[in-house]
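Number of protein chains: 2
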Amino acid sequence: MADDALVIFTPSGKRGRVARGTSVLQAARQLGVDLDSVCGGRGICSKCQVQPGLGEFPKHGVTVAPDALSPINAVEERYDRVRGLKPGRRLGCQACIQGDVVLDVPPESQVHRQVIRKSASERVMVMDPASRACFVEVTQPDMHEPSGDFQRLSEALEKQWGIKGLQADLAVLRGLQPALRKGGWSVTAAVHDDGTGAAPRLVALYPGLREAPLYGLAIDLGSTTIAGHLVDLTDGAVLASSGLMNPQIRFGEDLMSRVSYVMMNPGGDVEMTAAVRAALADLAAALAEEAGVDAAGITEACVVCNPVMHHLLLGIDPVELGQAPFALATGAALNLAAAEIGLGSIAPAARAYILPLIAGHVGADAAAVALSEAPETRPDLSLIVDVGTNAEIILGNNQRVLACSSPTGPAFEGAQISSGQRAAPGAIERIEIDPQTKEPRFRIIGNDHWSDDPAFGTPAITGICGSGIIEAVAEMRMAGIVDASGLIGAAEQVGTPRCVATGRTHEYVIHDASPDGPRITVTQGDIRAIQLAKSALYAGARLLMDEMGVDRVDRVVLAGAFGAHISPKHAMVLGMIPDAPLSAVTSAGNAAGTGARMALCSVTARRAIEAQVHNIHKVETAIEPRFQEHFVAANALPHATDPFPELARIVTLPDVSFNTGGSGEGGGRRRRRG
Amino acid sequence: MADDALVIFTPSGKRGRVARGTSVLQAARQLGVDLDSVCGGRGICSKCQVQPGLGEFPKHGVTVAPDALSPINAVEERYDRVRGLKPGRRLGCQACIQGDVVLDVPPESQVHRQVIRKSASERVMVMDPASRACFVEVTQPDMHEPSGDFQRLSEALEKQWGIKGLQADLAVLRGLQPALRKGGWSVTAAVHDDGTGAAPRLVALYPGLREAPLYGLAIDLGSTTIAGHLVDLTDGAVLASSGLMNPQIRFGEDLMSRVSYVMMNPGGDVEMTAAVRAALADLAAALAEEAGVDAAGITEACVVCNPVMHHLLLGIDPVELGQAPFALATGAALNLAAAEIGLGSIAPAARAYILPLIAGHVGADAAAVALSEAPETRPDLSLIVDVGTNAEIILGNNQRVLACSSPTGPAFEGAQISSGQRAAPGAIERIEIDPQTKEPRFRIIGNDHWSDDPAFGTPAITGICGSGIIEAVAEMRMAGIVDASGLIGAAEQVGTPRCVATGRTHEYVIHDASPDGPRITVTQGDIRAIQLAKSALYAGARLLMDEMGVDRVDRVVLAGAFGAHISPKHAMVLGMIPDAPLSAVTSAGNAAGTGARMALCSVTARRAIEAQVHNIHKVETAIEPRFQEHFVAANALPHATDPFPELARIVTLPDVSFNTGGSGEGGGRRRRRG
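For the protein sequence lines, the chains are Z and X, in the order given.
Here numbering that gives the first Met the number 0 is used: the first residue of the first sequence is 0, the next is one more, and so on.
Here numbering that gives the first Met the number 0 is used: the first residue of the second sequence is 0, the next is one more, and so on.
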């Protein structure tokens, strides 16, 4: 019998000979197999579970005897009794190799486990978060060999985990001595290594063995809404999602009005910075509460946002972003103490990663979309549109990637719309208008039935949200209530009493419960707001297509929390997006949020997007004359410049015109960046 | 004529051949000569001045022709006209080498200039501060090639100064855009490189060329007083010195009472942290004002302090330092943002360096003394005593260095003394008592005359400071007013009406202006307080001598702001220090403050003390039975355990005894660490 034995790990296929008596965990480390362990081999964390095979493995050319591993020992027995081990499983730190063996490492025992993203593209995501939990036993202090508790903790982490040159912020040093004593000189250290070569940092300490995973926050900080996800850093699972309004709205609805606020009110940026940081703190607390986890277990945060939000979050006056040449203070990815951006109530020395910005108007949110959708990996030409108060637009393939930002304004989010509201229960989100009767039916958020279904009941109907207004305008166009120029016809022109005159224009009544309930209408002003927004969006996309030298794209991806709810057909009727086969228009859900989660969970993803932004060519819409031309030309519904053959195949738009020659209907009210 | 020329730089003696036409600054860089430049060769900072020689230099084997350097150019002419150049001086960035030349680099043109410390040991100190001023011209932003201002600044610093991988805190990023625009895209960047291999950091930005140097703060944070120096980081010159009381005194006079305060008042550490940080901020502002400099030019701070002050400054609960095994949270040197310890009003991203601690009771102040006095460089055995509320004691030579801390209490600083006060105008600092008449004469701070000199006048006499009380007690012992046990005799025993009964003990009246003025006396309680303090100090020194296995030391160095004022003779009469030839007892002034200045001005010094503390053997007085034995045995004046032959040579102590056998004189009131 040889002194060593052949060990084969599956699914990696890594194999090698190790001395008999070697523990499975040691063998895995020797052979570079990705086998997790938090307790460092003490038989208490159970992260290192493996499943030994038995019998013949012709593929591997090995036969595994029943005694290939040492018998189940007392530690495993106790663990099985107290916590339960799945049948056949062994603790890798306890089972020792006694003969040739094939060992399967189940996904949950892999550190860098692969997870399938639940998204249209179903990409595989590798977990390699910056923070890792390491259980250590620390030498007790000795008066005769005095050294600091931190020095002894560092030595333990170096010896037991190979972590060298550990650094610690004051925030975590403050809790060090109580944690060590409470844990009886055993602690679980959360160690952050961002993969940039910077020294590893101690970001949190938990007395004894921490059973729970470490958590991360992925935050999509928009001009209007702030969305956050609480993520399990071991498997990337989203444990809670929540959102709130950006409290900066009281300083200005869109980006440029916030920049103007600072210009008019010196020090106004300080107020806005304080407001958004307080909101992030609230969001973190809400997410932890919703998920039922201790906020002190959150050791990482990742934030994506547009450049103005970025500077205001960091406490940098955004005034330079309000005027050409739109110079960023800094565009690089940032590794910060999370407390610096208001997240002081999570782990004391938690870190925050902020994705790189692409340009003065193309932010970290666009970078996150690029990271999530990865157009540079595909041969076909993708147009990716992230619709928010600003639209981030990316056009590219594996040859070239372009990006710009377009000032759509908040209309797509239900703001500046007469009956508009944010997406919340009671808001109309879907609408159909019968082309013959001009009668509407709709669905509201929180109710699975259409309004003409008796099961709809009598719920509170509160307003119309962003996707609802798009459907409403498109349906009005398809039903002949609105003409190509965007004018709402009079009741006698359209043939329905739902068209009601208001001054010199008309509005279409979707729902009228007055005087006791709401009266929900689409006004001429609403149509104009949507026209401006969609023109900006379309002009941005066209500008990138011009730059790329193409007239058509192969696929359109609608991103953004709201993009997920836009009906491709309605978007095309409006002319929000270039003409494309409906089957080639997909939703990527909240791609910026997905990108934030990817960067949260993987330092590899961080390096990827940092490299990628350098290769993205930025197009500045604000100074490009063709943007204005496209913008003006795109006013019609869908619009006048481009043929929409694909659209024509699925819908016939009525050839109506309500133009009375008057100019008093209040169009063209606003044109601003924001 | 060869294409190249021989260039010799003095005083370094570095020599080499460079292409004709090379500027002197370039030549210096090629040859590794230490020639300063802030403007990077633009002819505006004048830091690169050199003095060319002329004629024969037999030592160097070269003859310098009058045209060895290019003629004075327009830049130099303008500089000379506007600012003035010393005769014969040239600007190294303008003068080009045309032939063999000898160039002297004057001290003020050297980056790492050597300065002679004005101290007893007159050691040479090399300036290599962590912060350096670099003038750069930054590319303006371009909308078509968008990049952040910080990215363009970093590129400029890399290209023009070879600084790679620059990092910046949010605090300095906030001021980046205004500074670049105010300076017309030229700025002076203060770049911090602490020499540990960490990324260089941008710590401050000044529009255009900064004419003034960068400054640093050296802070000696004591339990009772906080002393600070404002230092010019180019030459180490002290531009202002100031001190204030540690505001933590209201929480407890000595260290242990502050630790007790925290134990009794949970959260009390937070109050004390806030108090000391506010004091540091006040001190920084006061120093900048005194020196007449802009506090924004202060880019570095260096702090030395004992372990309890250290933890309280950092916001770490010091409770573990109040009980065995006296475990430090961390003992390592710390590189922090200065704002983290209250210094937010200096340069926004200024850095603070805190020297390493030696042990639970032997702090960064002791490390600073070790750095300043460098006993490990000498063959003779030095006993270095830094007298404060705690005495830091170091014993060592080039073979071995030991250290301990001894809880002398604040008596040596004039606290807990009936007429005690801190060293300030009006305080008695010197005293002599006539052995025959028992009459005193004294000097007060702020007056050059003895009190029996008519020129003394009638100044306000306010109390007695630390050095004064030591002299008073020693003089009382030499005059036979106090016996070896420390008892003050009655008027009839001593033979002077200045000995006055107060209850069962006596006091000696030094000055009595009552009822209109102060009555300054030395009470029996004062003697006991001094006995306790000196016993603790002596016992600590003896403990180290025991550990070293010696009975005598070769030299005694008295350090500490107060140590500078102690008379060696009187210290020996008291038995504060072991017997030694008077000539071997020297004062090192504020050695801890000097060590702080050295670490402030030199990253090499930082590395030196970080290495040195590992080699210092720490002795813990609190748990060492022999410390208690020495302490008890050292109660007498001078004391009973050791012969004092050196002392006997210079003074005869009267053989008096006032012991009445009673026990009611209140000795041994306190015995506590602090």
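Glycine residues also receive a C-beta, built at the ideal position from the N, C-alpha and C atoms.
| Check | Outcome |
| --- | --- |
| Cβ of Glu391(Z) within 7 angstroms of any chain X Cβ | no |
| Nonlocal neighbours in the same chain, by C-beta distance under 7 angstroms from Gly12(Z), ignoring five residues either side | none |
| Under the three-state DSSP convention, the category Pro317(Z) falls into | helix |
| Sufficient close CB pairs (3 or more, under 8 angstroms) joining the segment 253–273 of chain X to the segment 198–206 of chain X | no |
| Contact list for Gln150(Z) against chain C, beta-carbon separation under 9 angstroms | The displayed structure is made up of protein chains Z and X, and chain C is not among them. |
| Buried versus exposed call for Glu121(X) [16 or more other C-beta atoms within 10 Å across all chains shown] | Low per-residue confidence applies at Glu121(X): pLDDT is 47, beneath 50, and the placement is therefore not dependable, though the value from the model is reported in the following sentence. Exposed. |
| Range of the contiguous beta strand (DSSP E) that encloses Lys181(X) | Careful: Lys181(X) lies outside any beta strand (DSSP E), inside the alpha helix (DSSP H) at 169–181. |
| Contact set for Ala358(Z): own chain, Cβ-Cβ below 6 angstroms, skip 5 residues either direction | Lys617 |
| Chain-ordered chain X contacts of Asp141(Z) [CB-CB under 8 angstroms] | Pro324 |
| Identity of the residues DSSP links to Val61(X) by a beta bridge | Phe56(X) |
| Any 3 or more C-beta pairs closer than 8 angstroms across the segment 454–469 of chain X and the segment 415–432 of chain X | yes |
| Contact with chain X by Gly174(Z), beta-carbon distance below 7 angstroms | no |
| Buried or exposed (CB count within 10 angstroms, at least 16 for buried), Ala423(X) | exposed |
| Backbone secondary structure at Thr138(Z) - three-state DSSP | coil |
| Val110(Z) beta carbon less than 7 angstroms from that of Asp231(Z) | no |
| Residues of the segment 618–631 of chain Z whose Cβ lies closer than 7 angstroms to any Cβ of chain X, in chain order | Glu619, Ile622 |
| Within-7 angstroms CB hit, Glu339(X) to chain Z | yes |
| Beta-carbon contacts of Thr522(X) that lie in its chain and below 6 angstroms, excluding the five residues immediately before and after | Ser417, Glu506 |
| CB contact below 7 angstroms: Glu319(Z) versus chain X | yes |
| CB contact below 7 angstroms: Ile615(Z) versus chain X | no |
| CB contact check: Leu216(Z) to chain X, cutoff 7 angstroms | no |
| Bounding residues of the alpha helix (DSSP H) (the contiguous stretch that carries His510(Z)) | Looking at the DSSP string, His510(Z) is not in any alpha helix (DSSP H); the run it does join, the beta strand (DSSP E), is 504–511. |
| For His191(X): DSSP bridge partner residues | Ser130(X), Arg200(X) |
| Own chain residues within Cβ distance below 6 angstroms of Asp281(Z), not counting five before or after | none |
| Proximity below 7 angstroms, CB of Ala583(X) to CB of Arg541(X) | no |
| Whole-number beta carbon distance between Ile315(X) and Ala349(X), since they are thought to touch under 8 angstroms | Actually they are not in contact, since the Cβ atoms of Ala349(X) and Ile315(X) sit about 21 angstroms apart, beyond 8 angstroms. |
| With 16 other Cβ atoms within 10 Å as the buried cut-off, status of Asp268(Z) | buried |
| Cutoff 6 angstroms; reference Lys181(Z); Cβ partners in own chain excluding five residues on either side | Pro206 |
| Beta-carbon neighbours of Pro406(Z), restricted to chain X and to distances below 8 angstroms | None at all; the shortest Cβ gap to chain X is about 16 angstroms. |
| Reduced DSSP category for Ser601(X) - H, G, I as helix; E, B as strand; rest coil | strand |
| Option nearest Arg503(Z) by Cα separation, candidates Phe657(Z), Gly408(Z), Ala64(Z), Glu470(Z) | Phe657(Z) |
| Buried/exposed call for Pro10(X), threshold 16 Cβ in 10 Å | exposed |
| Contact the segment 378–393 of chain X vs the segment 603–612 of chain X: 3+ CB pairs below 8 angstroms | no |
| Endpoints, beta strand (DSSP E) assigned at Asp3(X) | 3–9 |
| Whole-number beta carbon distance between Val302(Z) and Leu213(Z), since they are thought to touch under 8 angstroms | Leu213(Z) to Val302(Z), Cβ: 18 angstroms. No contact. |
| Sub-7 angstroms separation of Ala287(Z) and Ala294(Z) beta-carbons | yes |
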